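Sequential numbering from 1 applies to the sequence shown in full-length UniProt numbering.
Glycine included, every Cβ here is placed at the ideal spot set by N, Cα and C.
The structure displayed is predicted, hence computed values, not measured ones.
Let me begin by presenting the structure, written as structure tokens, before commenting on it.
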Amino acid sequence: MAKQSQVPLAAVIKPLAMLPPDETRPYVVDHGEAGPIRCNRCKAYMCPYMQFIEGGRRFQCGFCSCVTDVPPHYFQHLDHTGKRVDCCDRPELSLGSYEFVATVDYCKNNKLPQPPSFIFFIDVSYNAVKSGMVNIVCQELKTLLDYLPRYTHTHTHTHTHTHTRL
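Structure below.
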């Protein structure tokens, strides 16, 4: 499509929507080295749809109905209605959305992710310079750099390219 139209093409990918100022950030749950509690069969993460049974020692998945043992560190007694007594204190048992800290097991090659690198490609051909596009891009990048996340080892690269025919 980009080759046929001869129009510069870019993609902006945002996995999550911007959070409105009046909305609470999702809670972050950290289960330590053991990682998040999951169903043994379908690998669904712990959520309010899981039904705890056998006094809280096992749970039945709300998605595939598989019964899974509750790890000892996650065990909690049930109240008279069959709910865990700590369900209101645990975001994963009381909220529709939450985030969790992933362990090394969830990372590619069992290696924690590195800070992001930002790469900017700029067309510096004669027509791009003449039209003022290079100047506009540079001014926008200058503004944008202040809004990029700052990590200790973040890399920012700029690559210029010209495809001018003589």
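Helix, strand or coil at residue i according to DSSP, with G and I counted as helix
i: residue 77; result: coil
i: residue 60; result: strand
i: residue 6; result: coil
i: residue 49; result: coil
i: residue 12; result: coil
i: residue 99; result: strand
i: residue 70; result: coil
i: residue 29; result: strand
Short Cβ contact (7 Å threshold) for residue i with residue j
i: residue 101; j: residue 110; result: no
i: residue 94; j: residue 26; result: no
i: residue 64; j: residue 47; result: no
i: residue 160; j: residue 122; result: yes
i: residue 78; j: residue 59; result: no
i: residue 70; j: residue 57; result: yes
i: residue 162; j: residue 134; result: no
* To do: Could you pull out every unbroken beta strand (DSSP E) segment of at least 3 residues lying fully inside the UniProt domain "Sec23/Sec24 trunk" (113-153), listed in chain order?
  => 117-123
* To do: May I ask you to verify whether the region 82-91 touches the region 115-134, counting CB pairs closer than 8 Å and requiring at least 3?
  => no
* Asked: Looking at C-beta atoms only, is the number of pairs between the region 145-154 and the region 116-125 that lie closer than 8 Å three or more?
  -> yes
* Asked: Quick check: the region 7-20 against the region 76-83, are there 3 or more CB pairs under 8 Å?
  -> no
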